[in-house]
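Here the structure is laid out as structure tokens; the discussion comes afterwards.
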Amino acid sequence: MAPFTVLHVCMGNICRSPMAERLLALAVTEQAGPVGADLVLSHSAGTGGWHEGEEMNPPAARQVRSRGGSPDDFSARKLRAEHIEAADLILTATADQYDYVVALRPDAADRTFVLGEFGRLLPGVDPSTLPPADRTPDAVYTRGVALVAAVAAARNGEPAQAKDDLDDPWGRGDQVFARVADEIQSTVHPLTAVLLPPLP
Numbered sequence: 330m331a332p333f334t335v336l337h338v339c340m341g342n343i344c345r346s347p348m349a350e351r352l353l354a355l356a357v358t359e360q361a362g363p364v365g366a367d368l369v370l371s372h373s374a375g376t377g378g379w380h381e382g383e384e385m386n387p388p389a390a391r392q393v394r395s396r397g398g399s400p401d402d403f404s405a406r407k408l409r410a411e412h413i414e415a416a417d418l419i420l421t422a423t424a425d426q427y428d429y430v431v432a433l434r435p436d437a438a439d440r441t442f443v444l445g446e447f448g449r450l451l452p453g454v455d456p457s458t459l460p461p462a463d464r465t466p467d468a469v470y471t472r473g474v475a476l477v478a479a480v481a482a483a484r485n486g487e488p489a490q491a492k493d494d495l496d497d498p499w500g501r502g503d504q505v506f507a508r509v510a511d512e513i514q515s516t517v518h519p520l521t522a523v524l525l526p527p528l529p
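Counting from 330, one number per residue, gives the positions in the sequence shown under the working numbering.
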């Protein structure tokens with residue numbers, strides 16, 4: 330079975346979504362050890378293709394590196410329908426990007442969230458109602474799909490709130506990039522903690 334796949338989406342795919350991609354990958358490795366990369370696939374794309382093929386924006390890369398992750402071998406790409414189709418969870422930086430994803434693939438609405446919205450709704454899910462946690466691909470996939478469905482149910486059709494959006498830090502200082510990275514981690518850490526059992 331394929332790993333549980335999380336797709337992060339922002340505008341240009343050089344700042345917010347790459348940070349989210351690599352900070353989730355880092356959290357998974359910290360929670361599950363080296364096997365984490367086989368359990369959760371974290372990747373990203375942008376709604377626009379202006380930066381296709383570029384490296385992560387340097388201030389974004391600094392944030393990832395300073396937190397223990399790696400920005401190496403990153404290459405920006407434009408979001409395509411097949412990326413959405415293959416994802417089990419889509420996390421967008423803003424509500425506008427949520428709308429873009431759902432316009433491309435209406436069937437993805439129940440597995441697409443603004444990142445801050447997902448983080449806000451996640452505590453309302455009782456982990457004991459999910460399939461058992463284990464560090465195997467099948468277990469993580471099954472638990473992840475159930476978790477996404479539970480968060481979608483908690484959303485109850487309500488739109489995301491303005492405070493759920495991540496600010497666009499492009500062209501701004503390291504302090505803004507650090508705040509955005511903190512906000513990303515405030516969602517990806519709890520997500521990882523629910524999805525995967527801790528190392529013994």
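Beta carbons: idealized from backbone N, C-alpha and C, even for Gly.
Could you give the uninterrupted runs of the alpha helix (DSSP H) lying entirely in the stretch 424–461, keeping only those of 4 residues or more?
424–433 and 444–450
Report the three-state DSSP secondary structure of residue 483 (helix, strand or coil).
In the displayed model, residue 483 falls within a helix according to three-state DSSP.
Are residue 443 and residue 480 closer than 9 Å when you measure CB to CB?
Going by C-beta atoms, residue 443 is not nearer than 9 Å to residue 480.
Check for me: the alpha helix (DSSP H) holding residue 518 runs from which residue to which?
503–524
Near residue 502, what residues of its chain come up, given a Cβ to Cβ distance below 8 Å and the 5 sequence neighbours on each side ignored?
388
Residue 494: buried (16+ other C-beta within 10 angstroms of its C-beta) or exposed?
buried
Here's a check: name, in chain order, each residue in its chain whose Cβ is nearer than 6 Å to the Cβ of residue 344, leaving out the five neighbours to either side.
386, 389, 498 and 499
Just confirm the distance between the C-beta atoms of residue 352 and residue 514, as a whole number of angstroms; I'd bet it's less than 8 Å.
That belief holds up - the Cβ atoms of residue 352 and residue 514 are roughly 6 Å apart, short of 8 Å.
Which class does residue 408 belong to by DSSP, given the choice of helix, strand or coil?
In this structure, residue 408 counts as coil in the three-state DSSP scheme.
Residue 411: buried (16+ other C-beta within 10 angstroms of its C-beta) or exposed?
exposed
Excluding the 5 residues preceding and the 5 following residue 438 in the sequence, name in chain order all residues of the same chain whose CB lies nearer than 7 Å to its CB.
431
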